[in-house]
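Listed in order, the protein sequences are those of chains G and P. The opening position of the first sequence corresponds to residue 660 in this note's numbering, with each subsequent residue numbered one higher. The opening position of the second sequence corresponds to residue 660 in this note's numbering, with each subsequent residue numbered one higher.
There are 2 protein chains.
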Amino acid sequence: MTGLRERQKADRTRRILEAASRLFRAQGYDAVRIEDIAAAAEVSAGTCYNYFSTKGDLLLSIVSMEVEEVIEAGRALVLSPPSDVARALVELIRIYYDHSLNYLSKEMWRKAMAISIEAPATPFSRHYTQLDAMLSAQVCELLSALKLRGLTRGDLDPAVLGQIVFSALNQLFIEFVKDDAMPMHDLHRASEAQTIALAALMRPQPERMA
Amino acid sequence: MTGLRERQKADRTRRILEAASRLFRAQGYDAVRIEDIAAAAEVSAGTCYNYFSTKGDLLLSIVSMEVEEVIEAGRALVLSPPSDVARALVELIRIYYDHSLNYLSKEMWRKAMAISIEAPATPFSRHYTQLDAMLSAQVCELLSALKLRGLTRGDLDPAVLGQIVFSALNQLFIEFVKDDAMPMHDLHRASEAQTIALAALMRPQPERMA
DNA sequence: CTTCAAAAATGAACGAACTCAATTCTTTTC
DNA sequence: GAAAAGAATTGAGTTCGTTCATTTTTGAAG
C-alpha cells in the first residue's frame, strides 16, 4: 500500500501542474508568478521548487504532456497510412499542428521552445527534447512504411528524409508561434507547399532506358 | 559636421557592444550583469537601457553582426558554385557552420536563438529574424543558380527546397549548440548525410522511356 | 553670454525568480 | 507509544533585470 507521504507528493504535483496550466493559459506565462501558482495549488512558493527545478521546467512539463498526446494521435496514421507520399505526410503533419493549440497558447509554445534551447540540461528539457526526437522518429516510420509499400523511390533513406521533413515542419511551427497574427490556415498552406514539393522528389522514378 | 551629441551616442553604443561582447564570451551571458557591462563601457546601468531595450536584445545585436558576416561569406560561393548539387550545398553549409563559433560561444547562440523565439517583437529580434530569412534566401539562390546550369531536375522548385535545406541545417545547428560536448565535426557529418540524401533526390532524372 | 528646451544619463527603488536555514510533518525503531 | 531520523515545507532573504523621477548635459534662440 502507498504511504501518506507518497500520496501527498503525487497530489501536490498534480495540484501544481493543474494550477500552473490553468494560470499560464489564462494570464500568460510571464504574468503568472510562482507565488500565484503556489497559492492556487495550496502550497508555498518554496515547495514548487521541490517539485520543479525552475518556472520554465514547470512549463516544459506541461507542454510535454501535450506533445505526448500528439505522438499518440500520430500512431494510428502511421499504422495505416494513405497510399500516397504527399497525402500521408500532409495528414500526419495536420494531426501534429491541429493538436498543438488544444491546451497551449502560442506564448506557451514560444516560451517552451525557447527554454528547451536555452536550458537543455534541465530534467523536463531533456524529456521535451526526447519527445521531439520521437516525433521525428514517427515521421521516419511513416516513410519506412510507405517505402515498404513501394510508394517511394527504392533508394530513399527514410531515416534521413524523415529528419528533414521534421525539421521543416518544426521550423514552420516556430514561425507560426512567433507571429500571434498568423492563422493556423497559413501554417497548413506553407507546410503543404513544402511537403508536396518534397514528396514529388520521393516518388518512384519512371523506368530507365535499357 | 556631426554634433557632439551624435558622436557621443555612437561612441557609447560601440563601447557597450564591445564590453558586452567581450564579457559574454569570457564569462557567459548569465554570469554577466548589466552593471558589469555598464561599468566596462563607462556608463551607468540605466544608460544601457537607452541604447538596448533588454539584455537579451543587446545579445541579439551582437549575434546579428556575426550572422551578417556569415551571409557575406556565403555570397562568393553562390556566385560561382561547384558543379554538383551535393558539393555546392555542403560547401555553403560548411561556410555557415565554420563561421558560427568565430566570435560567439555555444551559450551565446543558445541564448540568442531562445530570445529570438520568445521575444520576437523586440528591435534586434526582428533584425535577427530577417537575417535568418536572408540566409534561407541565399540557399534558395544557390539552388536557382544550380538549376539554371541544368544541375537539378527541371521541375525543382528552388524557393521551396531552399527553405527545406535551411530548416534542416538550422535544426542541426540548434542540436549542436544545445550540446556543449558535441564537436563541430559531428555537426558537419550529420549535415552532410542529410544534404547528400536530399541532393540525390534533386539531381536530374534519367531519361524516360518513349 | 544667458536662457530655455529638449535630450540623455543616472542610480535608487521595484518586482519576481530562486535559495536556504529553520521548522514541521512522516516514518521507523525500540 | 515515545523518540529519533529523515524528508518535506516554509517564507524571509538575496540577486539581478528593469523602470522612472531627478539631475546633468547639449544645442538653439535671442
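From the three backbone atoms N, C-alpha and C, an ideal C-beta is built for every residue, glycine too. None of these values were measured; they are calculated from a predicted model.
Mind listing the chain P neighbours of residue i? Cutoff is C-beta to C-beta under 7 Å, in chain order.
{"i": "G:Gln-789", "result": "Correct list: empty, because the minimum Cβ distance to chain P is about 13 Å."}
{"i": "G:Leu-860", "result": "Leu-860, Met-861"}
{"i": "G:Lys-837", "result": "Ile-776, Pro-779"}
Measure the C-alpha to C-alpha separation of residue i and residue j and round it to an integer number of angstroms.
{"i": "G:Ala-704", "j": "G:Glu-766", "result": "23 Å"}
{"i": "G:Tyr-710", "j": "P:Lys-837", "result": "24 Å"}
{"i": "P:Ala-747", "j": "G:Ala-697", "result": "55 Å"}
{"i": "G:Thr-854", "j": "G:Glu-750", "result": "10 Å"}
{"i": "P:Ile-693", "j": "P:Lys-714", "result": "7 Å"}
{"i": "G:Asp-816", "j": "P:Ala-856", "result": "7 Å"}
{"i": "P:Tyr-708", "j": "P:Leu-820", "result": "41 Å"}
{"i": "G:Pro-771", "j": "P:Gly-809", "result": "It should be noted that the sequence gives Ala, not Pro, for residue 771 of chain G. So the two alpha carbons sit approximately 43 Å from each other."}
{"i": "P:Asp-814", "j": "G:Arg-862", "result": "13 Å"}
{"i": "P:Pro-842", "j": "G:Glu-701", "result": "46 Å"}
{"i": "P:Ala-852", "j": "P:Asp-845", "result": "11 Å"}
{"i": "G:Ala-804", "j": "G:Arg-812", "result": "13 Å"}
{"i": "G:Ser-712", "j": "P:Pro-741", "result": "50 Å"}
{"i": "P:Arg-673", "j": "P:Lys-806", "result": "43 Å"}
{"i": "P:Ala-840", "j": "P:Gly-687", "result": "16 Å"}
{"i": "G:Lys-668", "j": "G:Val-729", "result": "27 Å"}
{"i": "G:Leu-781", "j": "P:Asp-689", "result": "Reading the sequence as shown, one finds Thr at residue 781 of chain G and not Leu. If I take the Cα positions, the gap works out to 16 Å."}
{"i": "P:Val-726", "j": "P:Ser-764", "result": "14 Å"}
Taking its Cβ as the centre, do 16 or more other Cβ atoms sit within 10 Å of residue i, making it buried, or is it exposed?
{"i": "G:Asn-761", "result": "exposed"}
{"i": "G:Ala-869", "result": "Only weak support exists for where G:Ala-869 lies, its pLDDT of 48 falling under 50; the coordinates are left without a value."}
{"i": "G:Glu-777", "result": "buried"}
{"i": "P:Gln-822", "result": "buried"}
{"i": "P:Thr-706", "result": "exposed"}
{"i": "G:Ser-850", "result": "buried"}
{"i": "P:Arg-664", "result": "exposed"}
{"i": "G:Arg-769", "result": "buried"}
{"i": "G:Gln-830", "result": "buried"}
{"i": "P:Gly-662", "result": "exposed"}
Going along chain P, which residues have a C-beta under 9 Å from residue i?
{"i": "G:Glu-677", "result": "Under the 9 Å cutoff, chain P gives no residues; its nearest Cβ is about 24 Å from G:Glu-677."}
{"i": "G:Asn-709", "result": "Near G:Asn-709 there are no residues of chain P at all, since even the closest Cβ is about 23 Å away, more than 9 Å."}
Taking the continuous alpha helix (DSSP H) assigned at residue i, which residues delimit it?
{"i": "P:Met-772", "result": "765 to 777"}
{"i": "G:Ser-759", "result": "744 to 759"}
{"i": "P:Gly-705", "result": "704 to 710"}
{"i": "G:Ser-720", "result": "714 to 738"}
{"i": "G:Tyr-787", "result": "782 to 807"}
{"i": "P:Ala-699", "result": "693 to 699"}
Would you mind telling me which residues of chain G sit closer than 7 Å to residue i, beta carbon to beta carbon, in chain order?
{"i": "P:Ile-833", "result": "Ile-776"}
{"i": "P:Ser-826", "result": "Ser-826, Ala-827, Gln-830"}
{"i": "P:Met-772", "result": "Ile-776"}
Listing by chain order, which chain G residues have their CB less than 8 Å from the CB of residue i?
{"i": "P:Gln-864", "result": "Gln-864, Pro-865"}
{"i": "P:Ala-852", "result": "Val-819"}
{"i": "P:Ala-856", "result": "Asp-816, Val-819, Leu-820, Ile-823"}
{"i": "P:Arg-769", "result": "Ile-776, Glu-777, Pro-779"}
Which residues in the same chain have their Cβ closer than 7 Å to the Cβ of residue i, if we skip the five residues on either side of it in sequence?
{"i": "P:Asp-695", "result": "Leu-682"}
{"i": "G:Ser-775", "result": "Leu-719, Ser-784, Tyr-787, Thr-788"}
{"i": "G:Ser-739", "result": "none"}
{"i": "P:Leu-736", "result": "Glu-750, Leu-751, Ile-754"}
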